[in-house]
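Asks: Dropping a structure here in structure tokens format, bear with me for questions.
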Amino acid sequence: MSDPKSLHVLLGTFADRECVQAPLAQVFAQLAGEGDASYRRERAAGHFTASAWLVSADRRRVLLTHHRKLDRWLQLGGHADGDMDLAQVALREAEEESGLPGLSVEPAIFDLDRHWIPDHGDIPGHWHYDVRFVVHSGVDDRFTVSDESHALAWRDIRELASDPAADASLRRMAGRWLARNPQ
Numbered sequence: 001m002s003d004p005k006s007l008h009v010l011l012g013t014f015a016d017r018e019c020v021q022a023p024l025a026q027v028f029a030q031l032a033g034e035g036d037a038s039y040r041r042e043r044a045a046g047h048f049t050a051s052a053w054l055v056s057a058d059r060r061r062v063l064l065t066h067h068r069k070l071d072r073w074l075q076l077g078g079h080a081d082g083d084m085d086l087a088q089v090a091l092r093e094a095e096e097e098s099g100l101p102g103l104s105v106e107p108a109i110f111d112l113d114r115h116w117i118p119d120h121g122d123i124p125g126h127w128h129y130d131v132r133f134v135v136h137s138g139v140d141d142r143f144t145v146s147d148e149s150h151a152l153a154w155r156d157i158r159e160l161a162s163d164p165a166a167d168a169s170l171r172r173m174a175g176r177w178l179a180r181n182p183q
């Protein structure tokens, strides 16, 4: 994917597959229609980010970060910073934040989430339009914690799906993963 039209195709395919998120996919498509600016954090009202649902080789665990700025356990990910290939952004962020070698990304959208990011220092609050992709770990699952995280941890996806203390979007993705990959 390298242009907004490609994102429109991915969003349409995702909306057909995940009907419950179809209205949100339409909101994301409208943002993509704004062009390059929507992929840059300088768009103060909100912008695209990309995240990785980074699963272990055995497909039973997901790697989560205890996010330094947000102080919550979340999936790996970050800003597009002008890159319109959001699958590659998710892969790059997973590599940078985990230090894991041999990662691969599925090109289809796995999940969408629009969430508010509160003020942080001189950066005003804004919306993240987060496009999430499945990223597969290679055989080596020994990660390195980056400066963006307090910690990283592999979490059992079944346990995450039923953990009431977990972020709602993590539980949603865990449920989606389990529906797709019954174990």
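In my numbering, the protein residues as written are 1 to 183. Glycine residues also receive a C-beta, built at the ideal position from the N, C-alpha and C atoms.
(1) Along the chain, where does the alpha helix (DSSP H) that runs through Ser98 open and close?
(2) Run the CB neighbour count on Val131, radius 10 Å, all protein chains shown included, and call it buried at 16 or more, exposed below.
(3) Along the chain, where does the alpha helix (DSSP H) containing Gln75 start, and where does it finish?
(4) Buried or exposed for Asp140, going by 16 or more other Cβ atoms inside 10 Å?
(5) For Ser38, which option in Trp127, Gln88, Asp122 has the closest C-alpha, if you only look at C-alpha atoms?
(6) Quick one: what does DSSP say Val145 is sitting in, helix, strand or coil?
(7) Let me know the secondary structure DSSP gives Arg61 once reduced to three states.
(8) Suppose you measure from the CA of Met1 to the CA of Glu42; what does that come to, to the nearest Å?
(9) Strictly by DSSP, which residues pair up with Val230?
(10) Taking three-plus beta-carbon pairs below 8 Å as touching, is the region 144-159 in contact with the region 61-76?
(11) Label Val89 either buried or exposed according to how many other C-beta atoms from any shown protein chain fall within 10 Å of its C-beta, with 16 as the threshold for buried.
(12) Would you tell me roughly how many angstroms separate the C-alpha atoms of Ser6 and Asp83, rounded to the nearest one?
(13) Taking the beta carbon of Gly77 as the centre, do at least 16 other beta carbons fall within 10 Å, making it buried, or is it exposed?
(14) Do the region 133-147 and the region 97-108 meet, that is, are 3 or more Cβ pairs less than 8 Å apart?
(15) By the DSSP assignment, the alpha helix (DSSP H) with Arg171 in it spans what residues?
(16) So, is Ser123 buried or exposed, given that buried needs 16 or more other C-beta atoms within 10 angstroms?
(17) Using the Cβ count rule (16 or more neighbours within 10 Å means buried), how would you classify Thr13?
(18) Can you check DSSP and say which residues form a bridge with Thr49?
Replies: So, to answer that:
(1) Looking up residue 98 in the sequence shown gives position 98. Per DSSP, Ser98 belongs to the alpha helix (DSSP H) from 86-98.
(2) Along the sequence shown, read from residue 1 onward, the residue named residue 131 stands at position 131. Looking at its Cβ environment, which holds 16 or more other Cβ atoms inside 10 Å, Val131 is buried.
(3) For the purposes of this step, residue 75 is taken as residue 75 along the sequence shown, with counting starting at 1. Element bounds for Gln75: not the alpha helix (DSSP H) but the beta strand (DSSP E), 73-79.
(4) In the sequence shown, residue 140 corresponds to position 140, counting from 1. Exposed: under 16 other Cβ atoms inside 10 Å.
(5) Counted from its first residue, the sequence shown places residue 38 at position 38. Checking every option, the nearest Cα to that of Ser38 belongs to Trp127.
(6) The residue you call residue 145 lines up with position 145 of the sequence shown. Coil at Val145, not helix or strand.
(7) To locate residue 61, count along the sequence shown from 1; it is residue 61. It is a strand residue.
(8) The residue you call residue 1 lines up with position 1 of the sequence shown. The residue you call residue 42 lines up with position 42 of the sequence shown. In this prediction, Met1 scores a pLDDT of 44, lower than 50, which makes its location untrustworthy; the coordinate-derived value is nonetheless stated afterwards. Put simply, the backbone Cα of Met1 is about 22 Å away from that of Glu42.
(9) Residue 230 lies beyond the stretch modelled for the chain, which goes from 1 to 183, so this question has no answer here.
(10) yes
(11) Along the sequence shown, read from residue 1 onward, the residue named residue 89 stands at position 89. By the beta-carbon neighbour count (other beta carbons within 10 angstroms, threshold 16), Val89 is buried.
(12) One-based indexing of the sequence shown puts residue 6 at position 6. One-based indexing of the sequence shown puts residue 83 at position 83. Answer to the nearest angstrom: the Cα atoms are 13 Å apart.
(13) Counting from 1 along the sequence shown, the entry for residue 77 is found at position 77. With 16 or more other Cβ atoms within 10 Å, it is buried.
(14) yes
(15) To locate residue 171, count along the sequence shown from 1; it is residue 171. That run of the alpha helix (DSSP H) goes 168-180.
(16) Residue mapping note: residue 123 aligns to position 123 of the sequence shown, counting from 1. Looking at the sequence provided, one finds Ile at residue 123 rather than Ser. So Ile123 counts as exposed.
(17) As a working note, residue 13 is residue 13 in the sequence shown. Exposed.
(18) On the sequence shown, position 49 is the one that residue 49 refers to. Answer by DSSP bridge pairing, in chain order: His79, Asp130.
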